[in-house]
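With mature numbering (1 follows the signal peptide of the UniProt record, and there is no 0) applied, the sequence shown corresponds to residues -26 to -1, 1 to 188, in that order.
Inspection log for the structure reproduced underneath, given as C-alpha cells.
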Amino acid sequence: MNKSTFILFFLFSFLILSNTSCLSIAKDVESWIEVSNIEDVQGKYHFLTEDQIKIYLPDTFKKYSRVGYEKLLDSLASKKDYELEIKRLEFLREMEGNFYLFFDEETRSTYTINTMPYMPIHKSDAQYILSMISMNNEKISKKTDLEFTKITAKYNANNSTQLFKAIHKIENIKKQHTSFNSSYIVSANKKTIYIQLLTGFDVNFDPFLQKMIL
C-alpha cells in the first residue's frame, strides 16, 4: 500500500466512523479515564505476535476475535448500529497488514489497531489529512444531525518517530448522543500503525500510547 492509498483509507475509515452511532457508551465510570501522567498509568501489555509490537492498554480492555466481538456487539447494539459498526470493522480489515480489536465492557470503548508496511508520515501529510477530515465533517453536518468539534490535532516528529493525532467530538443532536474519536498514526522502527479509539468521553490516551513498544 502506497502513502496516497493509505491516506484515502484513513479518510474513508474516519468518514464511516463519523456516520456510526455505535453503542450507548457508559459515561459514569472512573478508572483509566482520569489518567493524565505516564507515571500514573495502570494497565497491561498485549503482544501482537505477528508484528512484534507491544501495546499498553487499561486492564479493562479485552482482545476479541471477529466472531467474538460480533456476538458481543449483537447483544449490546441495535440492529442499525450493529450493521454500521460491522461495516466500519470490515473496512479496517481490508487495509493491508494485520488488524486487532480490543473492547472495554465497563466504558464500552473500542480500540482498533492496524499494522502495515512502514511509510514515513510528514507534516504535509498530516495537514492534508486534517483538512480533508474538516471538509468531510462539514459536508456530513449539513446533511445529518451530526455535529463535529475538533478537540485537538497534532503532528510530532524526531529522527526515529512520526506521530499524527486527531481527536474529534461527534454529537448526534437528534439522539442526544456524544462520542469521541481519537485517531493516531505512528511510524517508527520501520513500522507504521493506525489506531482508532472510540469512547463516550474525552480522554487523554497519550500516556498509554507512550508505553507502546514498536
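The C-beta atom is built at its ideal place from N, Cα and C for all residues, glycine as well.
Helix, strand or coil at residue i [DSSP, three-state]
i: Met186; result: coil
i: Phe65; result: helix
i: Phe175; result: coil
i: Lys139; result: strand
i: Ile60; result: helix
i: Pro91; result: strand
i: Asp14; result: helix
i: Thr34; result: coil
i: Lys53; result: helix
i: Phe73; result: strand
Endpoints, the alpha helix (DSSP H) within which residue i is located
i: Ala100; result: Lys97 to Lys117
Cβ distance (whole Å) where residue i is taken to contact residue j below 8 Å
i: Leu31; j: Phe76; result: 6 Å
i: Thr166; j: Met109; result: About 24 Å separates the two Cβ atoms, so there is no contact after all.
i: Gln136; j: Pro94; result: 6 Å
i: Lys185; j: Tyr158; result: Actually they are not in contact, since the Cβ atoms of Lys185 and Tyr158 sit about 14 Å apart, beyond 8 Å.
i: Lys28; j: Ile187; result: 4 Å
Opening and closing residue of the beta strand (DSSP E) in which residue i lies
i: Asn48; result: The sequence shown places Asp at residue 48, rather than the Asn named in the question. No beta strand (DSSP E) contains Asp48, which is instead part of the alpha helix (DSSP H) from Arg40 to Leu50.
i: Thr123; result: Leu120 to Ala131
Beta-ladder partner(s) of residue i, from DSSP
i: Gln170; result: Thr86 and Ser157
i: Asp78; result: Phe35 and Ser83
Given 8 Å, three or more beta-carbon pairs between the segment 85 to 99 and the segment 166 to 178 = These segments touch.
Taking contact to mean at least 3 C-beta pairs separated by less than 8 Å, is the segment 45 to 61 in contact with the segment 87 to 105?
-> Output reads no: the segment 87 to 105 does not touch the segment 45 to 61.
Would you call the segment 53 to 72 and the segment 146 to 158 touching, i.e. three or more CB-CB distances under 8 Å?
-> These segments do not touch.
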